[in-house]
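Worksheet for the structure shown next.
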Amino acid sequence: MAFEHFPALRWGGAGTGDWFSRRSFLQVGSLGFGRWGLGGLGLGGAGLAELSLPGLLRAEAKSGRRQANKSVIQIFLSGGPPHQDMVDLKPEAPVEVRGEFRPIDTTVPGLQLCELLPGLARRAEHLAVIRSLVGSEGRHAAFQCLTGNTVARQPPGGWPALGAVASKLLGARQPGVPPFISLAPRMKTSTWGDLGQPGFCGQAHAAFAPYADAAQLQLQGITRPALQARQALLQQIDGLKELADSGVLAGTDSYYEQAFGILTSSELVEALDLQREDPRVRARYAGGSTEPAGYGDAGPILNDYFLAARRLIEVGARVVSIAYGRWDWHGRPHGTNFENARDHLPLFDGGLSALLDDLKERGLDRDCTVVVWGEFGRTPRINKNGGRDHWPQVACALLAGGGLRTGQVIGATNRHAEVPRERPVHFQEVFATLYHQLGIDVAEQTLDDLTGRPQYLVDHTHHGPLPELI
Amino acid sequence: MRLVRAHTLAHNNAVYGVAFAPDGKTLATASLDNQVKLWRLADGTLERVLKGHGDGVAGVGYLADGRLVSASLDKSLRVWRTDGTLQRTLPGHAEYLTCVAVEPEGGGIVSGGFDRQIRLWNADADAQVAAFAGGEATVQCVAWRGDARVFAGAGDDNSIRWFDATERAVLRTVPAHAAAVEALAFDRQRRLISGGADGRLKIWSAEGTAVTEVDALTARVKCLAVHPTGEVLAVGGSDGVVRVWKLGAGLSEPIAEPAHRNTLYGVAFSPDGTWLAAASFDRSISVWRWEMSAS
Numbered sequence: 008m009a010f011e012h013f014p015a016l017r018w019g020g021a022g023t024g025d026w027f028s029r030r031s032f033l034q035v036g037s038l039g040f041g042r043w044g045l046g047g048l049g050l051g052g053a054g055l056a057e058l059s060l061p062g063l064l065r066a067e068a069k070s071g072r073r074q075a076n077k078s079v080i081q082i083f084l085s086g087g088p089p090h091q092d093m094v095d096l097k098p099e100a101p102v103e104v105r106g107e108f109r110p111i112d113t114t115v116p117g118l119q120l121c122e123l124l125p126g127l128a129r130r131a132e133h134l135a136v137i138r139s140l141v142g143s144e145g146r147h148a149a150f151q152c153l154t155g156n157t158v159a160r161q162p163p164g165g166w167p168a169l170g171a172v173a174s175k176l177l178g179a180r181q182p183g184v185p186p187f188i189s190l191a192p193r194m195k196t197s198t199w200g201d202l203g204q205p206g207f208c209g210q211a212h213a214a215f216a217p218y219a220d221a222a223q224l225q226l227q228g229i230t231r232p233a234l235q236a237r238q239a240l241l242q243q244i245d246g247l248k249e250l251a252d253s254g255v256l257a258g259t260d261s262y263y264e265q266a267f268g269i270l271t272s273s274e275l276v277e278a279l280d281l282q283r284e285d286p287r288v289r290a291r292y293a294g295g296s297t298e299p300a301g302y303g304d305a306g307p308i309l310n311d312y313f314l315a316a317r318r319l320i321e322v323g324a325r326v327v328s329i330a331y332g333r334w335d336w337h338g339r340p341h342g343t344n345f346e347n348a349r350d351h352l353p354l355f356d357g358g359l360s361a362l363l364d365d366l367k368e369r370g371l372d373r374d375c376t377v378v379v380w381g382e383f384g385r386t387p388r389i390n391k392n393g394g395r396d397h398w399p400q401v402a403c404a405l406l407a408g409g410g411l412r413t414g415q416v417i418g419a420t421n422r423h424a425e426v427p428r429e430r431p432v433h434f435q436e437v438f439a440t441l442y443h444q445l446g447i448d449v450a451e452q453t454l455d456d457l458t459g460r461p462q463y464l465v466d467h468t469h470h471g472p473l474p475e476l477i
Numbered sequence: 000m001r002l003v004r005a006h007t008l009a010h011n012n013a014v015y016g017v018a019f020a021p022d023g024k025t026l027a028t029a030s031l032d033n034q035v036k037l038w039r040l041a042d043g044t045l046e047r048v049l050k051g052h053g054d055g056v057a058g059v060g061y062l063a064d065g066r067l068v069s070a071s072l073d074k075s076l077r078v079w080r081t082d083g084t085l086q087r088t089l090p091g092h093a094e095y096l097t098c099v100a101v102e103p104e105g106g107g108i109v110s111g112g113f114d115r116q117i118r119l120w121n122a123d124a125d126a127q128v129a130a131f132a133g134g135e136a137t138v139q140c141v142a143w144r145g146d147a148r149v150f151a152g153a154g155d156d157n158s159i160r161w162f163d164a165t166e167r168a169v170l171r172t173v174p175a176h177a178a179a180v181e182a183l184a185f186d187r188q189r190r191l192i193s194g195g196a197d198g199r200l201k202i203w204s205a206e207g208t209a210v211t212e213v214d215a216l217t218a219r220v221k222c223l224a225v226h227p228t229g230e231v232l233a234v235g236g237s238d239g240v241v242r243v244w245k246l247g248a249g250l251s252e253p254i255a256e257p258a259h260r261n262t263l264y265g266v267a268f269s270p271d272g273t274w275l276a277a278a279s280f281d282r283s284i285s286v287w288r289w290e291m292s293a294s
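Protein chains in written order, with our numbering: chain L, 8 to 477; chain G, 0 to 294.
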């Protein structure tokens with residue numbers, strides 16, 4: 008990945024003549040990085056997108072707040088993964104239902120996974136497998152996996168993504184690192200490339216999205232073509248550093264100086280540069296392509312995303328979301344469900360296994376919760392084109408890390424994986440769990456929507472954190 | 000007989016088709032990444048990328064004069080000059096195209112797809128020559144016979160249809176397999192060989208009678224190619240294994256090359272019979288030297 012693969016940070020703008028004028032700094036601060044850091048300071052809300060980064064830093068300093076070290080990695084499998092071909096195989100079902108794959112044993116007695124997931128099978132004690140996920144809106148969108156709520160019937164301002172809520176309520180874990188980062192690239196199917204809307208938390212809490220054209224960091228004086236070469240980018244950053252070190256900044260507001268420091272030397276930039284990773288570690292995450300996967304309308308299936316997420320969590324991001332591959336497998340002529348599974352599942356197995364190992368080896372697994380899911384499940388019956396169609400009735404999810412009680416299966420489906428047979432788990436229960444992991448009590452915490460009406464983050468009267476896991 | 004691996008080539012998405020140029024120097028590959036790639040056979044170097052299709056490319060075939068024909072899920076065929084420039088686009092199919100075959104000696108093109116139609120084209124005309132009902136379901140495969148203006152088509156209705164391109168007539172329709180017919184190829188004896196999603200290989204006489212049937216050793220046959228000498232048949236299927244069968248009165252025990260991690264969508268022998276290529280859903284193409292004498 009790194010800069011040579013992704014058009015990551017767009018540093019655009021006019022000439023360099025007024026680089027270090029006060030006006031330039033205000034511009035720097037008001038774009039890209041300006042959209043975070045208001046959390047818990049009473050400064051959030053829609054319409055604050057233009058508040059400058061120096062202003063945010065000043066306000067955060069005044070709060071004197073220090074936040075807990077909890078974090079979440081959200082992995083969205085764009086399109087709806089086939090639950091019955093991954094974690095809930097039905098080998099006794101008729102051939103038109105059971106599919107082509109065999110289940111294999113795992114390190115957890117009684118838990119079987121697809122034969123294409125041997126890495127996860129060996130790490131099953133670090134996974135919680137939900138086989139009975141319900142409540143899908145049935146919409147081809149990341150929205151529900153990012154917000155926990157449905158697109159329909161949103162409150163004024165819209166439901167905020169988990170990361171936006173974390174930004175607003177908890178703020179940054181580390182200065183210079185946005186609390187909410189989305190690694191989703193721009194996609195033809197824009198609802199899969201959803202960065203996670205800030206909703207009624209306000210634009211100040213929108214995701215920092217280095218790989219999405221629409222939400223990129225901009226700096227004065229560095230042109231987009233320069234970004235095409237990582238070397239050129241780094242050279243220009245080095246040039247900025249030299250200017251900063253020359254004393255040009257002396258006498259300016261210290262917060263501007265700090266903001267400038269973030270933009271030129273932050274751990275964020277380094278975290279996004281995967282070239283800096285130990286090659287042995289990076290090799291574990293090998294696999295995938297930078298090209299859009301499948302039909303070409305989704306993002307790439309690329310394990311560098313997992314590594315980037317770990318690096319961002321490590322330097323202080325609070326919520327990192329990923330859109331991974333294309334899982335909407337209706338069948339020919341775009342390959343059968345099973346051909347696409349043979350393409351995606353081994354990569355997914357390697358990438359998620361590497362992430363779980365990496366988090367554990369770095370001691371991040373106690374604080375960082377990982378959730379993996381898509382917007383719905385897939386039809387039990389294989390269609391005439393060898394595909395499986397949309398099936399909102401039941402889906403699956405994987406959870407790991409965060410000190411959760413893993414090594415277990417929650418819920419079960421009936422004999423054809425059509426509906427939950429026991430312990431249906433609602434999307435909002437998973438979100439209540441994720442909020443719990445971040446230290447947010449969904450039974451108590453409200454945020455005002457744009458009309459000032461307090462809104463609970465999930466319907467806490469029906470859905471709370473999963474007791475099986477916490 | 001044996002295969003000696005020469006090159007492994009790649010696309011950014013599943014590879015659906017392969018075809019060798021008449022001069023034997025170039026290999027064309029078609030991919031779900033919307034591109035056709037032209038490779039120099041001698042060293043596996045990528046020579047050219049043909050862009051322009053708005054969706055995946057389902058198949059490719061070379062005309063005798065060296066022009067290339069591509070068929071796309073964007074519902075169109077394209078005819079490319081030997082210098083790689085686009086000569087013409089042939090719209091007409093109402094749904095995804097799945098297959099294409101070119102007349103071995105001449106300008107005929109036949110295509111099939113999700114609109115259940117088999118359409119006959121001439122590479123030098125902008126409009127289709129004829130359209131035929133291809134069956135009760137999606138057409139999955141078409142093939143030209145080498146010695147006459149006869150072609151065949153088959154698909155999801157499990158039947159095979161023979162057509163006369165000159166008379167623009169259906170010659171016969173035969174229920175053929177217990178599942179979709181996914182691959183067709185004529186041999187030098189005017190026999191038609193079919194492979195199906197039932198995992199069977201069948202050989203049909205010129206009159207449409209089944210003369211041989213064997214277990215293909217793969218769950219689903221997806222592609223076939225007859226060697227120019229007519230002595231062997233290459234078969235690819237859902238297990239990613241290339242199998243080369245001796246083709247005599249029947250089909251005898253094949254040699255097997257487990258080359259790919261996913262379904263094979265295309266196999267082809269070079270016109271001089273010295274190369275074999277296989278295209279896979281795993282985004283790669285294998286190219287081997289084919290040595291018949293080793294037997």
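For every residue, glycine included, the Cβ atom is placed at its ideal position computed from N, Cα and C.
Remember, it's a predicted structure, so these values are computed and weren't measured experimentally.
(request) Assign asparagine 121 of chain G to one of three DSSP states: helix, strand, or coil. (result) Position 122 of the second sequence, counting from 1, holds the residue named residue 121 of chain G. Note: asparagine 121 of chain G maps to strand in three-state DSSP.
(request) For threonine 440 of chain L, count neighbouring Cβ atoms within 10 angstroms of its own Cβ and tell me buried if that reaches 16, exposed if not. (result) Position 433 of the first sequence, counting from 1, holds the residue named residue 440 of chain L. Label assigned to threonine 440 of chain L: buried.
(message) Does any residue of chain G have a CB that is nearer than 8 Å to the CB of proline 335 of chain L?
(response) Residue mapping note: residue 335 of chain L aligns to position 328 of the first sequence, counting from 1. In the sequence under discussion, the amino acid at residue 335 of chain L is aspartate, which differs from the proline named in the question. It does not: the Cβ of aspartate 335 of chain L has no partner Cβ on chain G nearer than 8 Å.
(request) Measure the C-alpha to C-alpha separation of alanine 13 of chain G and serine 85 of chain L and round it to an integer number of angstroms. (result) Here residue 13 of chain G refers to the residue found at position 14 of the second sequence. Here residue 85 of chain L refers to the residue found at position 78 of the first sequence. The straight-line gap separating the alpha-carbon atoms of alanine 13 of chain G and serine 85 of chain L is approximately 19 Å.
(message) Measuring only the C-alpha atoms, how far is glycine 471 of chain L from histidine 176 of chain G?
(response) For the purposes of this step, residue 471 of chain L is taken as the residue at position 464 of the first sequence. For the purposes of this step, residue 176 of chain G is taken as the residue at position 177 of the second sequence. Going from the Cα of glycine 471 of chain L to the Cα of histidine 176 of chain G covers about 54 Å.
(request) Drop a sphere of 10 angstroms on the beta-carbon of glycine 370 of chain L, count the other beta-carbons inside from all chains shown, and report buried for 16 or more, exposed for fewer. (result) The sequence position of residue 370 of chain L within the first sequence is 363, counting from 1. The residue in question, glycine 370 of chain L, is exposed, as its Cβ has fewer than 16 Cβ neighbours within 10 Å.
(request) Can you give me the Cβ contacts of isoleucine 254 of chain G inside the same chain, cut-off strictly under 8 Å, excluding the 5 residues immediately before and after it? (result) As a working mapping, residue 254 of chain G is identified with position 255 in the second sequence. Here isoleucine 254 of chain G has Met0, Arg1, Leu2, Arg242, Val243 as same chain residues with Cβ atoms under 8 Å from its own Cβ, once five neighbours each way along the sequence are excluded.
(message) At the level of alpha carbons, what is the spacing between arginine 171 of chain G and threonine 208 of chain G?
(response) Start at 1 with the first residue of the second sequence, and residue 171 of chain G comes out as number 172. Start at 1 with the first residue of the second sequence, and residue 208 of chain G comes out as number 209. Between the alpha carbons of arginine 171 of chain G and threonine 208 of chain G lies a distance of about 11 Å.
(request) Within its chain, find whatever has a CB closer than 7 Å to the CB of histidine 341 of chain L; leave out the 5 residues flanking it on each side and keep chain order. (result) Your numbering for residue 341 of chain L matches position 334 in the first sequence. Apart from the 5 residues on each side of it in sequence, histidine 341 of chain L sits with its Cβ closer than 7 Å to the Cβ of Gly301, Tyr302 in its chain, given in chain order.
(message) By DSSP's criteria, isoleucine 284 of chain G is part of a beta bridge. Which residues make up the other side?
(response) By 1-based counting over the second sequence, the position of residue 284 of chain G is 285. G/Leu8, G/Ala278, per the DSSP bridge assignment.
(request) To the nearest angstrom, report how far apart arginine 148 of chain G and glycine 111 of chain G are at their CA atoms. (result) Along the second sequence, read from residue 1 onward, the residue named residue 148 of chain G stands at position 149. Along the second sequence, read from residue 1 onward, the residue named residue 111 of chain G stands at position 112. Going by the C-alpha atoms only, they are around 17 Å apart.
(request) Throw me the rounded Cβ distance for the proline 167 of chain L and glutamine 210 of chain L pair, which I believe falls under 8 Å. (result) For the purposes of this step, residue 167 of chain L is identified with residue 160 of the first sequence, where counting begins at 1. For the purposes of this step, residue 210 of chain L is identified with residue 203 of the first sequence, where counting begins at 1. Taking a contact as a CB-CB distance under 8 Å, the pair proline 167 of chain L and glutamine 210 of chain L does not count as one, their CB atoms being some 11 Å apart.
(request) Have a look at arginine 39 of chain G and methionine 291 of chain G and give me their C-alpha separation to the nearest angstrom. (result) Within the second sequence, numbered from 1, the residue matching residue 39 of chain G stands at position 40. Within the second sequence, numbered from 1, the residue matching residue 291 of chain G stands at position 292. So the alpha carbons of these two residues sit roughly 23 Å apart.
(message) Quick check: tryptophan 485 of chain L and leucine 140 of chain L, are their CB atoms within less than 8 Å of each other?
(response) Limits of chain L in this structure are 8 at one end and 477 at the other, which puts residue 485 of chain L out of reach.
(request) State yes or no: is the beta carbon of leucine 49 of chain G nearer than 8 Å to at least one beta carbon in chain L? (result) Numbered from its first residue, the second sequence carries residue 49 of chain G at position 50. Cβ-Cβ to chain L under 8 Å: no for leucine 49 of chain G.
(request) Output the distance between the C-alpha atoms of aspartate 112 of chain L and glutamine 119 of chain L, rounded to the nearest integer angstrom. (result) For the purposes of this step, residue 112 of chain L is identified with residue 105 of the first sequence, where counting begins at 1. For the purposes of this step, residue 119 of chain L is identified with residue 112 of the first sequence, where counting begins at 1. Between the alpha carbons of aspartate 112 of chain L and glutamine 119 of chain L lies a distance of about 5 Å.
(request) Have a look at L/Ala290, L/His147, L/Arg180 and flag the residue whose alpha-carbon is nearest the alpha-carbon of threonine 7 of chain L. (result) Residue numbering for chain L in the displayed model covers 8 to 477; residue 7 of chain L lies beyond these limits and cannot be assessed.
(message) I'd like to know whether the C-beta atoms of phenylalanine 113 of chain G and valine 169 of chain G end up nearer to each other than 8 Å.
(response) For the purposes of this step, residue 113 of chain G is taken as residue 114 along the second sequence, with counting starting at 1. For the purposes of this step, residue 169 of chain G is taken as residue 170 along the second sequence, with counting starting at 1. It is not a contact, given that the beta carbons lie outside the stated cut-off.
(message) If you reduce the DSSP assignment to three classes, tell me which class leucine 309 of chain L lands in.
(response) As a position in the first sequence, residue 309 of chain L is number 302, starting the count at 1. Correct three-state label for leucine 309 of chain L: strand.
(request) Determine the contact status of valine 59 of chain G and alanine 29 of chain G, defining contact as a CB-CB distance below 8 Å. (result) Taking the first residue of the second sequence as 1, we reach residue 59 of chain G at position 60. Taking the first residue of the second sequence as 1, we reach residue 29 of chain G at position 30. Contact flag set, yes.
(request) Please compile the residues from chain L whose C-beta is within a distance smaller than 7 Å of the C-beta of tyrosine 95 of chain G. (result) Translated into the one-based positions of the second sequence, residue 95 of chain G becomes position 96. Result: Pro340.
(request) State the start and end residues of the unbroken beta strand (DSSP E) segment that holds glutamine 127 of chain G. (result) Translated into the one-based positions of the second sequence, residue 127 of chain G becomes position 128. In the DSSP assignment, glutamine 127 of chain G falls outside any beta strand (DSSP E), carrying neither H nor E.
(request) Confirm, please, whether the CB-CB distance from glycine 107 of chain G to leucine 119 of chain G is below 8 Å. (result) On the second sequence, residue 119 of chain G is found 120 positions in, with the first residue counted as 1. On the second sequence, residue 107 of chain G is found 108 positions in, with the first residue counted as 1. Less than 8 Å separates the beta-carbon of leucine 119 of chain G from that of glycine 107 of chain G.
(message) Measuring straight from C-alpha to C-alpha, what distance separates leucine 314 of chain L and histidine 351 of chain L?
(response) Within the first sequence, the letter at position 307 stands for residue 314 of chain L. Within the first sequence, the letter at position 344 stands for residue 351 of chain L. Roughly 17 Å between the two C-alpha positions.
(request) Find out if the Cβ-Cβ distance for the pair glycine 235 of chain G, lysine 221 of chain G is shorter than 8 Å. (result) Here residue 235 of chain G refers to the residue found at position 236 of the second sequence. Here residue 221 of chain G refers to the residue found at position 222 of the second sequence. A distance below 8 Å separates the beta carbons of glycine 235 of chain G and lysine 221 of chain G.
(request) Tell me whether phenylalanine 207 of chain L sits in a helix, a strand or coil according to DSSP, three-state version. (result) Numbered from its first residue, the first sequence carries residue 207 of chain L at position 200. In the structure shown, phenylalanine 207 of chain L sits in a helix (DSSP, three-state: H, G or I).
(message) For the pair the stretch 155 to 166 of chain L and the stretch 282 to 299 of chain L, tell me if three or more CB-CB distances fall below 8 Å.
(response) Under the Cβ criterion (8 Å, minimum of three pairs), the stretch 155 to 166 of chain L does not count as touching the stretch 282 to 299 of chain L.
(message) Which residue marks the beginning of the beta strand (DSSP E) containing phenylalanine 438 of chain L, and which one marks its end?
(response) Counting from one through the first sequence, the residue named residue 438 of chain L turns up at place 431. First-last for phenylalanine 438 of chain L: 434 to 444, but that is the alpha helix (DSSP H), not the beta strand (DSSP E).
(message) Closer than 8 Å between beta carbons: that is the criterion. Which residues of the stretch 30 to 49 of chain G meet it against chain L?
(response) For the stretch 30 to 49 of chain G, which is checked against every Cβ of chain L, the residues closer than 8 Å are Leu31, Asp32, Asn33.
(request) Check arginine 73 of chain L in the structure and name its three-state DSSP category. (result) Working through the first sequence from its first residue, we reach residue 73 of chain L at position 66. Confidence at arginine 73 of chain L is low in this model, with a pLDDT of 38, below 50, so its placement is unreliable and the value that follows should be read with caution. Reduced to three states, the DSSP call for arginine 73 of chain L is coil.
(request) Please name the residue in G/Cys140, G/Arg219, G/Gly23, G/Ala224 whose C-alpha comes closest to that of tyrosine 95 of chain G. (result) On the second sequence, residue 95 of chain G is found 96 positions in, with the first residue counted as 1. It is G/Cys140.
(message) Can you tell me whether arginine 219 of chain G is buried or exposed? The criterion is at least 16 other CB atoms within 10 Å of its CB, across all chains shown.
(response) Stepping through the second sequence from its first residue, residue 219 of chain G is reached at position 220. Of the other Cβ atoms in all chains shown, 16 or more fall within 10 Å of the Cβ of arginine 219 of chain G; this residue is therefore buried.
(request) Kindly list the residues whose CB is nearer than 6 Å to the CB of alanine 324 of chain L, restricted to its own chain and excluding five residues on each side of it in sequence; keep chain order. (result) On the first sequence, residue 324 of chain L is found 317 positions in, with the first residue counted as 1. Apart from sequence neighbours up to five positions away, the residues of its chain that approach alanine 324 of chain L with a beta-carbon distance below 6 Å are Val184, Ile188, ordered along the chain.
(request) Kindly indicate which residue of G/Glu135, G/Arg190, G/Val68 has the alpha-carbon position closest to the one of cysteine 98 of chain G. (result) On the second sequence, position 99 is the one that residue 98 of chain G refers to. The residue with the shortest Cα to Cα distance from cysteine 98 of chain G is G/Val68.
(request) Identify, in the order they occur along the chain, each residue of the same chain with its Cβ nearer than 6 Å to the Cβ of lysine 195 of chain L, setting aside the five sequence neighbours on each side. (result) Position 188 of the first sequence, counted from the start, is the residue given in the question as residue 195 of chain L. Taken in chain order, the residues that qualify are Asp304.
(request) Determine, using beta carbons only, whether asparagine 12 of chain G comes closer than 8 Å to chain L. (result) Working through the second sequence from its first residue, we reach residue 12 of chain G at position 13. Output row for asparagine 12 of chain G: interface = yes.
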